[in-house]
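**Student:**
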Amino acid sequence: MKKPILIVGGIFAGVLLIRLILAFMIPEFTYESYFHLRQVEHIVETGVPFYQDPLSYGGRELAFLPLFHYLAALFSLVFPVPLVAKILPNLLTALLVPITYLISKKITGHEHGSLLAAFIAGFLPILYFTSGFVVNTLFLPLIFTAIYFHLLIEEGAKSGDRNLMKYIYIYAIIFFILCLTSPLAAIMLIGLGIYALLSFVEGKKIYREEVEVILFSIFLYVWVQFLFFKKSLLQEGISFVWQNIPSTIIAQYFPKFSLGVALVLVSIIPFLAGAVVVYRSLFQLQNQKSFLLISLVIATSLLTWLRLIRFRQSLAFFSVVLAILFAAFYQDIERYVQKTKLSSNLQRYLLPITILILLFSTVLPAINTALLQDVPSSEEVQAFIWIRENTPPSATVLATLDEGHLVTYYGKRKNLIDDRFMLVDDVEKRFQSLTSLFTTKFRTEALELASQYDIEYFVLTPSAKEKYQLKKEFPYITRRCFDTAYQNETLIFKLKCRLGPTENE
Amino acid sequence: MNKHRPQNDYPYFNHLLRYQKIYLCGLLMLLSALSLFSNYLQEKPLLMGGESYFYLSSGQPDPSYQPLTLFFRVIPDQLAYLFPPLLSVGIILLFYSLAQKINIPEKKAFLIVLFYILTPTFIFTSLALSSYSLFLLLTLCGANVLLLGTKKKYFALLPFLLASWIDTFSALLLLGGLAVYFFPVKKSKERFPIILLVGIAAVLVLNAAVLKSPFFLGPFTVQHKTADLISDLGSFSGVGIFAILLAIIGLISSWQKKNVPLLLPALAVFIIAYLFNTHTVFFLSLLIVILAAAGFVDLVEQSWSLPFLRNAALLLLLLGISFSAVAYLDRLSGYPPTAVDQKALEWIQRNTKEETAVLSAPENSYYIAYFAQRKPVFSLHQDYQHDYQLSRDIFSAFYIDELFPLLEKNKVSIIYISGEMKRQLPAQQEFLFLLQNERFKLLYFTEDAEVWSFEAKQ
Numbered sequence: 147m148k149k150p151i152l153i154v155g156g157i158f159a160g161v162l163l164i165r166l167i168l169a170f171m172i173p174e175f176t177y178e179s180y181f182h183l184r185q186v187e188h189i190v191e192t193g194v195p196f197y198q199d200p201l202s203y204g205g206r207e208l209a210f211l212p213l214f215h216y217l218a219a220l221f222s223l224v225f226p227v228p229l230v231a232k233i234l235p236n237l238l239t240a241l242l243v244p245i246t247y248l249i250s251k252k253i254t255g256h257e258h259g260s261l262l263a264a265f266i267a268g269f270l271p272i273l274y275f276t277s278g279f280v281v282n283t284l285f286l287p288l289i290f291t292a293i294y295f296h297l298l299i300e301e302g303a304k305s306g307d308r309n310l311m312k313y314i315y316i317y318a319i320i321f322f323i324l325c326l327t328s329p330l331a332a333i334m335l336i337g338l339g340i341y342a343l344l345s346f347v348e349g350k351k352i353y354r355e356e357v358e359v360i361l362f363s364i365f366l367y368v369w370v371q372f373l374f375f376k377k378s379l380l381q382e383g384i385s386f387v388w389q390n391i392p393s394t395i396i397a398q399y400f401p402k403f404s405l406g407v408a409l410v411l412v413s414i415i416p417f418l419a420g421a422v423v424v425y426r427s428l429f430q431l432q433n434q435k436s437f438l439l440i441s442l443v444i445a446t447s448l449l450t451w452l453r454l455i456r457f458r459q460s461l462a463f464f465s466v467v468l469a470i471l472f473a474a475f476y477q478d479i480e481r482y483v484q485k486t487k488l489s490s491n492l493q494r495y496l497l498p499i500t501i502l503i504l505l506f507s508t509v510l511p512a513i514n515t516a517l518l519q520d521v522p523s524s525e526e527v528q529a530f531i532w533i534r535e536n537t538p539p540s541a542t543v544l545a546t547l548d549e550g551h552l553v554t555y556y557g558k559r560k561n562l563i564d565d566r567f568m569l570v571d572d573v574e575k576r577f578q579s580l581t582s583l584f585t586t587k588f589r590t591e592a593l594e595l596a597s598q599y600d601i602e603y604f605v606l607t608p609s610a611k612e613k614y615q616l617k618k619e620f621p622y623i624t625r626r627c628f629d630t631a632y633q634n635e636t637l638i639f640k641l642k643c644r645l646g647p648t649e650n651e
Numbered sequence: 025m026n027k028h029r030p031q032n033d034y035p036y037f038n039h040l041l042r043y044q045k046i047y048l049c050g051l052l053m054l055l056s057a058l059s060l061f062s063n064y065l066q067e068k069p070l071l072m073g074g075e076s077y078f079y080l081s082s083g084q085p086d087p088s089y090q091p092l093t094l095f096f097r098v099i100p101d102q103l104a105y106l107f108p109p110l111l112s113v114g115i116i117l118l119f120y121s122l123a124q125k126i127n128i129p130e131k132k133a134f135l136i137v138l139f140y141i142l143t144p145t146f147i148f149t150s151l152a153l154s155s156y157s158l159f160l161l162l163t164l165c166g167a168n169v170l171l172l173g174t175k176k177k178y179f180a181l182l183p184f185l186l187a188s189w190i191d192t193f194s195a196l197l198l199l200g201g202l203a204v205y206f207f208p209v210k211k212s213k214e215r216f217p218i219i220l221l222v223g224i225a226a227v228l229v230l231n232a233a234v235l236k237s238p239f240f241l242g243p244f245t246v247q248h249k250t251a252d253l254i255s256d257l258g259s260f261s262g263v264g265i266f267a268i269l270l271a272i273i274g275l276i277s278s279w280q281k282k283n284v285p286l287l288l289p290a291l292a293v294f295i296i297a298y299l300f301n302t303h304t305v306f307f308l309s310l311l312i313v314i315l316a317a318a319g320f321v322d323l324v325e326q327s328w329s330l331p332f333l334r335n336a337a338l339l340l341l342l343l344g345i346s347f348s349a350v351a352y353l354d355r356l357s358g359y360p361p362t363a364v365d366q367k368a369l370e371w372i373q374r375n376t377k378e379e380t381a382v383l384s385a386p387e388n389s390y391y392i393a394y395f396a397q398r399k400p401v402f403s404l405h406q407d408y409q410h411d412y413q414l415s416r417d418i419f420s421a422f423y424i425d426e427l428f429p430l431l432e433k434n435k436v437s438i439i440y441i442s443g444e445m446k447r448q449l450p451a452q453q454e455f456l457f458l459l460q461n462e463r464f465k466l467l468y469f470t471e472d473a474e475v476w477s478f479e480a481k482q
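From first to last, the protein sequence lines are chains H and G.
Per the working numbering, the very first residue in the first sequence carries number 147; after that it's consecutive.
Per the working numbering, the very first residue in the second sequence carries number 25; after that it's consecutive.
(1) So what's residue 92 of chain H in DSSP terms, helix, strand or just coil?
(2) Taking 8 Å as the threshold (C-beta atoms), are residue 198 of chain G and residue 224 of chain G in contact?
(3) By the criterion of Cβ-Cβ separation under 8 Å, what are the contact partners of residue 256 of chain G in chain H?
(4) For residue 31 of chain G, name the three-state secondary structure that DSSP assigns.
(5) Can you give the Cα-Cα distance for residue 572 of chain H and residue 388 of chain H, rounded to whole angstroms?
(6) Within 10 angstroms of the Cβ of residue 72 of chain G, are there 16 or more other Cβ atoms? Answer buried if so, exposed if not.
(7) Could you please tell me which residues of the region 337–356 of chain H, in chain order, have their CB closer than 8 Å to any CB of chain G?
(8) Any C-beta of chain H sitting closer than 8 Å to the C-beta of residue 345 of chain G?
(9) For residue 151 of chain H, which residues in the same chain have their Cβ closer than 8 Å to its Cβ, ignoring the five residues on either side in sequence?
(10) Excluding five sequence neighbours on each side, which residues of the same chain lie with their C-beta closer than 8 Å to the C-beta of residue 164 of chain H?
(11) Do residue 266 of chain H and residue 504 of chain H have their beta-carbon atoms positioned less than 8 Å apart in this structure?
(12) Assign residue 182 of chain H to one of two classes, buried (16 or more other C-beta atoms within 10 Å of its C-beta) or exposed (fewer than that).
(13) Closest Cβ-Cβ distance between residue 26 of chain G and chain H: below 8 Å?
(14) In this structure, what does DSSP give as the bridge partners for residue 641 of chain H?
(15) Can you list, in chain order, the residues of its chain whose CB lies under 7 Å from that of residue 340 of chain H, leaving out five sequence neighbours each side?
(16) Decide yes or no for the touch test of the region 576–586 of chain H against the region 551–564 of chain H: beta carbon pairs closer than 8 Å, at least 3 of them.
(17) In the structure shown, what three-state DSSP assignment does residue 421 of chain G receive?
(18) Does the separation of the CB atoms of residue 541 of chain H and residue 632 of chain H fall below 8 Å?
(19) Which of the residues in the region 411–425 of chain G, read from start to end, lie with their CB under 9 Å from any CB of chain H?
(20) By Cβ distance, which residues of its chain are closer than 6 Å to residue 114 of chain G, with the 5 residues on each side in sequence left out?
(21) Could you tell me whether any Cβ in chain G is nearer than 8 Å to the Cβ of residue 369 of chain H?
(22) Would you decide whether residue 275 of chain H is buried or exposed? Buried here means 16 or more other CB atoms lie within 10 Å of its CB.
(23) Compute the Euclidean distance between the alpha carbons of residue 521 of chain H and residue 175 of chain H, then round it to the nearest angstrom.
(24) If I measure Cβ to Cβ from residue 385 of chain G and keep anything under 6 Å in the same chain, skipping five residues before and after, which residues do I get?
(25) For a minimum of 4 consecutive residues, which ranges assigned as the alpha helix (DSSP H) are wholly contained in the region 276–361 of chain H?
(26) In terms of residues, what are the limits of the beta strand (DSSP E) holding residue 466 of chain G?
(27) Along the region 301–333 of chain G, where does the CB come closer than 7 Å to a CB of chain H? Name the residues.
(28) Whose C-beta lies closer than 8 Å to the C-beta of residue 152 of chain G among residues of the same chain, with five residues either side of it excluded?
(29) Output the residue ranges of the beta strand (DSSP E) runs that lie fully inside the region 125–195 of chain G and measure 3 residues or longer, sorted by chain position.
(30) Quick one, are the C-beta atoms of residue 270 of chain H and residue 523 of chain H less than 8 Å apart?
(31) Helix, strand or coil for residue 601 of chain H per DSSP?
(32) Could you tell me the boundaries of the beta strand (DSSP E) in which residue 476 of chain G lies?
(33) With three or more beta-carbon pairs closer than 8 Å as the criterion, would you say the region 350–363 of chain G touches the region 63–70 of chain G?
(34) With DSSP run on the structure shown, which of helix, strand or coil describes residue 561 of chain H?
(35) Give me the subset of the region 565–582 of chain H whose CB atoms are less than 7 Å from a CB atom of chain G, sorted by chain position.
(36) Should the region 167–186 of chain G be regarded as contacting the region 377–391 of chain G, the criterion being three or more beta carbon pairs within less than 8 Å?
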C-alpha cells in the first residue's frame, strides 16, 4: 500500500461528506442539542456561559464544563451558530477516522487492518446522530488522541526517544482540554489504573515517565472537576455521579446491558471481532501494546455495569475501541489465511470481501441510524417559535421533558423541566408533576399543579401525544378554563382560570 | 540520580521551615479567628456543633463523667469558645516537641501540621469542643513527658490516665499503642511500662464498668458513611479528596519502605471503628493526614524524569487542598446553631414548662438541651440506631395514625422546626404537611424557624 495517508484522507473526506449530507437533510437538531445551542449563543453575546439560567426550571443554577461551547462559539464569531452546530460536531466525529488509523497502526503495525479500522470508525452507527450538537462529539476524538499520545509516551520511554518530552507536553495539553470538556475523562484514568494493575500482574515494566504522567493526569482531573462541580458534590454527595436523574427514568439513562441494542449500535462485525480480540488478549496478553486498550475496555465495562456512566456514552466509546481492535483481528485472520492451504485467490480477495461485508454491516446501519434520529418536526418548532412571538416573556410553558429545551431555545420562555437535572432540589417532584399534567383526567389536579408552577401555556405536540397516548388533547381541557391559543398538529392551550373558593350564587 | 537543587535556591521555603511553628500556629489562629468573627458578625453563638453543647449542657438525662463536662462545670460557658483553638495550638506545639525528640524530618513535620490545620475534621475541632481533641493533646503531652527519660517519665502517668477517661475505644487505642511501643518496639524490661499499662487498663475498666462510659463517644449528628469521611461530599467532618489521594500515595510508598506492619493494623482498626461510628473519623483523619504528608514528601523527594510534571502535580495538590479548606470554611459559617436557633430555643426556655419534651431534628437535640434547657426527644449518642429510626418514622410519617402514637409515646409537647429542617423535609407531605392538623398549634415563629405545640390526647 503506497499512499495510506491518501486513503485515510479519502475515508475521512467521504465520511465527512456523508455525515454533512445526512446532517443537512434533517433541518432540526436532537432535543438535547438545544441546550448547547443556547449556551453557545450566550457565549457569543456575552462571553460567558449561562451558569444562572432564568428559564430552565423557571430559574436555576447550572454546572457543566464549557470548553465544547467555547470552541463552537469561536467558530460562531464568523459563521452563524446553526451552521456551526451542523458542521462542527460532524467534523469532530469524522476526525476519529485518522485517529483510529494512527492508534491501530501503532498497536498492530498492519496497514490493511489499520485502514479497515479507520473505515469502521467512520461508520459506527452509534456515532451517526448527525444532528446532535453534543459534547460527546468533541470528547471522543480528544480521548482517543490522548490515548494515542499515551502510546507514544510508552514507546518513547521504552526506546529513549528524543521526542518524548514533546509527546508528554502534547498529552498534557490534550488531557487538560479533555478535563475541561467532559467528566467522562475518568474513563481514561480508570483505564490507566487498570493498565498499571495489569502491567504489575503480568510483570510488564511501567516506565517512570508513564507513572508520572498517570499521577499528573489524576491530580489534574480531580482538580478541574472539583473546581466546576464543587457545588454539585456538596449538594448531592456521591450520587452526583447519577446526575440527580429522577428515579422513575433513571433506567432510561442507565439501562441494563442489552446485547441486541449493542449489536445494532456498534454493528455486528466490529462487535464480534473486538470481543474475540479482547478475550484472547485478556487471557494470553500476547500483544502488550493492546494493554492500554484492553484496560480501557475493562474500565468502560466496569463503569457501565456499575451504572456510573450512561449506556449510550459507554457504547460510543466502546465501539471506537472495538473498531481499533478490529485491526488486530484482521491481522490475525490474514496470518491464519496465509498459514492455511486455502487457495491464493481467497488470500487475494480477503481484503475486498472484508470491505464488502463492512459496507453492508456498518454503512447501511449508520445511515439508517442517522435517518431515524429523534428530532422535533418543523411544525413543532414553528409552534415553539409562535410561543416566543405571542406570549408574555414571563410565561411558564408546559412541555415534555425532551421538549424542555425547545421551550427555552425557540420559545425563550420558562419551562417546567428539562433533562439537565443537576442542582435541582425538587426534580423528583417536578417529574411527578409533569407526568401528572400529561396523564391526569382531573381538572382540579391539573389546575393545582399549574398554579404551583405558574404554568400558563400547555403545549401538546404529536410527539407528546404519542408518548403519553393522548388521542386529541389533554383530558381536562375545557373551554371554560382553557383557550386554544394555537392549533395545528401541535396544540397550545392558554390557561384562563385558577383554583379558588366556590362563589355563592 | 538525585536532582535536588541546593538549599540556597529555596530561601523562602527554608525561611518557612525554620519558623514553621510561628507561621503555622499563626495560620491556625487566623482561621479560627476568622470563623469566630464570622459567627460574631452573624450574631450566632461562637461555639458550634452538637458535641460542644453536649458538654456544656447541664440538662443531660444521664450524669456524665466526661472530662470536658466536668471541666466546664468549673470554667464559665462564656469562655468555652476559647478552649478549642487553644487546644489545637497546644496539640501543634506538643507535636513539634515530640517530632524533635523522635527525629521526624522538618519538612515532614511541617506538612503534617499544615495538612492538619487545613483538614476539615481539625478545622472543626478548632472551633468546637471535642473530647478526641483533648485525647490527642493529653496523649501528646504524655508522649513528650515519657521521652524525657529518667524519673520525669513517671509524670506521664497523669496525662495518659486522663486520656483514657474519654471513652473505651480511645482508651483501648492508647493501651494498644503504648503496649506496642514498649514491648515490640523498645523491648523494655522496666517496671514503669507495666505500671502505666495497668493504670490505663484500670481506668478503662472503671470507666466502662462503673461509670458506664460508652465504647464510642457520639455520634452527635446523623451518620453518612461516605460523606462523613470526604468533606467535599457535603459533610462537616472528614478530609478532602486531595488528602485522600495523597494518603494513597503515602500508603504505597510506605508499603515499598516496608512500614506496613505499623500502618496496616492502624488503618484497619480506624476504618472498622469509622464504619461503626463515624464520630471516630477524627482518628482516621489523623492517619490520613500523616500518610498524606508522607505521600507529599515522597512526591517532592522522588527524582522525577519530568520536572515540569512534578511541579504541576505538586501545585495542583496544594491548590486542591487549599480550595477544599477554603470551601469548607465558607460552608462552616452556616453551621448550627444559628442566631435564629438560639432565639427560638431561648423562647422555649422562657415560655414552656421544665418537664417539656421537645421534638426536633436529632442534630438539634444538644442545642435544645443547652439553650432551651429542656429534654430533647432524641439523644443520638446514647442509642443511635433507635433514635435514628424513630426520627425517620416521625419525620416521614404520611398519616396522623402513624405520627400521633409516636408523639404520644415519647411525650412530645413542643416541636421545634429549624430553617434547615424546612429546607430538607418535604413541605407538601409527611411531617410538615401534618402540622396542619388541629392538634398542632403554632406558638412562635422567627424568620424561618417555628415552635409548635402538640396536644396530647386527654
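Glycine included, each C-beta is placed from N, C-alpha and C at the ideal position.
In this text, all values refer to a predicted model and were calculated from it rather than measured experimentally.
**Tutor:** Well, looking at it:
(1) Outside the modelled stretch of chain H, which goes from 147 to 651, sits residue 92 of chain H, for which no answer is possible.
(2) yes
(3) Under the 8 Å cutoff, chain H gives 372, 376, 379, 380.
(4) Legend: pLDDT at residue 31 of chain G = 49, less than 50; position of this residue unreliable, value from coordinates given subsequently. The answer is helix: DSSP assigns residue 31 of chain G an H, G or I state.
(5) The alpha-carbon atoms of residue 572 of chain H and residue 388 of chain H are separated by roughly 15 Å.
(6) buried
(7) 354, 355
(8) With a threshold of 8 Å between beta carbons, residue 345 of chain G makes no contact with chain H.
(9) none
(10) 513
(11) Yes, these two residues count as a Cβ contact at 8 Å.
(12) buried
(13) At residue 26 of chain G, the pLDDT of 41 sits below 50, so the modelled position is not reliable; the number obtained from the coordinates is stated separately. So no, residue 26 of chain G is outside the interface.
(14) H/628
(15) Contacts found: 441, 444, 445.
(16) Yes, the region 576–586 of chain H is in contact with the region 551–564 of chain H.
(17) coil
(18) no
(19) none
(20) 161
(21) yes
(22) buried
(23) 6 Å
(24) 445
(25) Counting only runs of 4 or more, we get 282–305, 310–325, 332–348.
(26) 464–470
(27) 328, 329, 330, 333
(28) Setting aside the 5 residues that flank it on each side, residue 152 of chain G is surrounded in the same chain by 71, 72, 73, 75, 76, 108, each with a C-beta closer than 8 Å to its C-beta; the list follows chain order.
(29) none
(30) no
(31) strand
(32) 473–478
(33) yes
(34) strand
(35) When CB distances to chain G are screened at a threshold of 7 Å, not a single residue of the region 565–582 of chain H falls below it.
(36) no
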